[in-house]
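According to this note's numbering, the sequence shown is numbered sequentially starting from 1. Glycine included, C-beta positions come from ideal geometry on N, C-alpha and C. Note that the structure is a prediction, hence the values are computed from the model and not measured.
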Amino acid sequence: MSTQTRDKNEAIIFDIAIVGAGLAGSLSAHLLSESGYKVCVIEKGRGSGGRASSKKIADDISCDLGAPFIYAHQPESKEILEKLVKENIAAPWKQCSKPEAQAFVGVPKMSAITRHWLNQSTFITETRVHHIEQVHSDNNQPTWLLRDDKYQKVVHAKKIIITAPAPQAAMILATHADLAVLLLRANQASKTYQSQWAMWLEASSCDLNALIEFNQGSIARMIKDNHKPMRKGDDVDRWVIQADTKWTSEYLDSDKKQITQELLQAFSEHTEQRAIKHGEPHRWLLSRFEQNKGNQPFAWSPEHNVGLAGDWLFQGDAEGALLSAFFLTNAIKDSR
């Protein structure tokens with residue numbers, strides 16, 4: 001993974017610029033880099049992972065506040081994840097697997113997957129892409145110029161893939177009039193997003209299942225993060241609490257102290273245990289999307305060389321993000 005300065009990147013014309021370093025963005029970068037494309041990935045956060053990122057608790061301990069695992073139903077996603085297992089980047093989590101789908105986790109944390117997939121790309125962090133415009137290179141070929149939220153130049157690229165959540169993708173697409181068809185797709189999906197509060201806590205070890213799901217109340221599911229393969233902390237159970245999305249909508253702007261109290265109380269009621277230690281709740285504002293169905297599990301405009309990939313374009317889950325990226329990159333490579 002290259003970390004060149006932005007000034008240097010301005011002089012480079014990348015084959016493809018990818019906006020977002022979550023599962024879809026990082027897999028797109030990996031598949032295209034392996035095929036010989038010069039790829040740059042631009043991420044608004046400090047690191048990779050997106051909604052599959054990890055929260056550092058101590059020097060050698062992290063937990064996954066976002067996607068706790070990836071269910072692989074389809075042969076394409078199984079092949080992608082099984083390759084990561086061979087490379088010691090992921091592992092099957094048998095406790096949470098089911099007959100129709102194998103569960104996989106990153107090791108030693110979920111964000112290890114995206115970090116691995118970015119190792120052949122130029123990676124720019126803490127940069128929010130705000131504006132895109134078409135310019136002409138020295139040989140008079142049209143290219144894209146990406147600018148940040150201060151209107152500063154970031155990179156030039158022949159093609160763009162946007163893997164940000166639908167509302168963020170829509171804001172970028174709206175800056176160029178010729179991308180109205182893609183903008184419509186993103187705007188449609190933006191109507192369905194859901195937010196979710198999440199937090200971690202530690203409690204005494206118990207024999208409860210590693211994954212517990214609820215149909216009502218403040219908690220949607222609880223995951224024993226330290227029971228995942230290659231995780232530390234066998235002396236306690238480290239739970240990740242993911243709140244119900246309807247409950248979250250009612251408490252979306254509540255003080256974090258109130259959210260903490262509500263979720264700790266609900267945890268105690270469900271488990272008859274008290275938390276020994278806990279972290280501050282995190283609000284995933286753009287946590288979940290319903291699938292925005294189209295003819296393809298991605299969107300691509302060949303006349304403009306701009307595409308979209310992400311969970312919201314296919315299935316609305318982590319596997320959907322992988323498959324959307326997989327099929328989009330195949331389409332780009334086939335048109336080469």
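Distance between residue j and residue i (C-alpha atoms, nearest Å)
i    : j    : result
I13  : A180 : 25 Å
I332 : N88  : 29 Å
D237 : S205 : 5 Å
N305 : W144 : 9 Å
T260 : A170 : 33 Å
G294 : K277 : 45 Å
F298 : D253 : 32 Å
V240 : G279 : 10 Å
E352 : L263 : In this structure the chain extends from 1 to 336, so residue 352 is not present and cannot be described.
E319 : H73  : 8 Å
G285 : E34  : Rather than Gly, the amino acid found at residue 285 in this sequence is Leu. Taking the straight line joining both Cα atoms gives about 33 Å.
V19  : T114 : 14 Å
H227 : D178 : 49 Å
P281 : P142 : 45 Å
A189 : Q291 : 8 Å
S195 : E100 : 28 Å
S324 : N330 : 10 Å
R336 : W300 : 14 Å
A17  : E82  : 27 Å
Q296 : A198 : 32 Å
Q168 : M230 : 34 Å
W93  : H156 : 41 Å
S48  : Q216 : 32 Å
N187 : Q120 : 32 Å
S249 : D225 : 25 Å
DSSP state of residue i mapped onto helix, strand, coil
i    : result
C206 : coil
T125 : coil
E34  : helix
K365 : What is shown of the chain runs 1 to 336, which leaves residue 365 out entirely.
G320 : helix
D311 : helix
K368 : The structure shown has nothing for residue 368, since the chain only spans 1 to 336.
W284 : strand
P142 : strand
I214 : The amino acid occupying residue 214 in the given sequence is Phe; Ile does not appear at that position. If DSSP states are grouped into helix, strand and coil, F214 belongs with coil.
D244 : coil
R336 : coil
F104 : strand
D253 : coil
M110 : coil
I172 : helix
A198 : strand
A299 : strand
Q188 : helix
R115 : helix
V273 : Correcting the residue type first, residue 273 is Gln in the shown sequence and not Val. If DSSP states are grouped into helix, strand and coil, Q273 belongs with coil.
Q291 : coil
T5   : Summary for T5: the model assigns pLDDT 45, below 50, so the residue's position carries little reliability; its value from the coordinates is reported in the next sentence. T5: coil per DSSP, three-state reduction.
H227 : helix
Residue i, buried or exposed, once every other Cβ within 10 Å from all chains shown has been counted against 16
i    : result
V154 : buried
Q4   : Legend: pLDDT at Q4 = 48, less than 50; position of this residue unreliable, no value from coordinates given.
P68  : buried
I219 : buried
A24  : buried
H136 : exposed
F214 : exposed
Q258 : exposed
K339 : The first residue shown for the chain is 1 and the last is 336, placing residue 339 beyond what the model contains.
A58  : exposed
Q315 : buried
D244 : buried
Y151 : exposed
G36  : exposed
M222 : buried
G22  : buried
Contact set for residue i: own chain, Cβ-Cβ below 8 Å, skip 5 residues either direction
i    : result
F326 : L27, L31, E76, S77, I80
L183 : A170, L173, A174
Cβ-based neighbour list, residue i, same chain, cut-off 7 Å, excluding 5 preceding and 5 following
i    : result
K109 : S54, S62, D64
V129 : V19, I42, L146, D148, V154, I172
H176 : I132, E133
W117 : S26, L27, A29, H30
C96  : F69, A103, A210, L211
S268 : R274
Spatial neighbours of residue i in its chain, beta-carbon cut-off 6 Å, leaving aside the 5 residues before and after
i    : result
K232 : I61
K38  : F14, D15
A112 : I89, G106
T125 : E43, R46
W200 : C63, V240, G279
Y193 : L286, F289
Taking only runs of the beta strand (DSSP E) that begin and end inside the stretch 43 to 94, which ones reach a length of at least 3 residues, in chain order?
Secondary structure in the stretch 43 to 94: the beta strand (DSSP E) runs of 3 residues or longer, each lying completely within the stretch, are 55 to 58, 61 to 63, 70 to 72, 90 to 92 in chain order.
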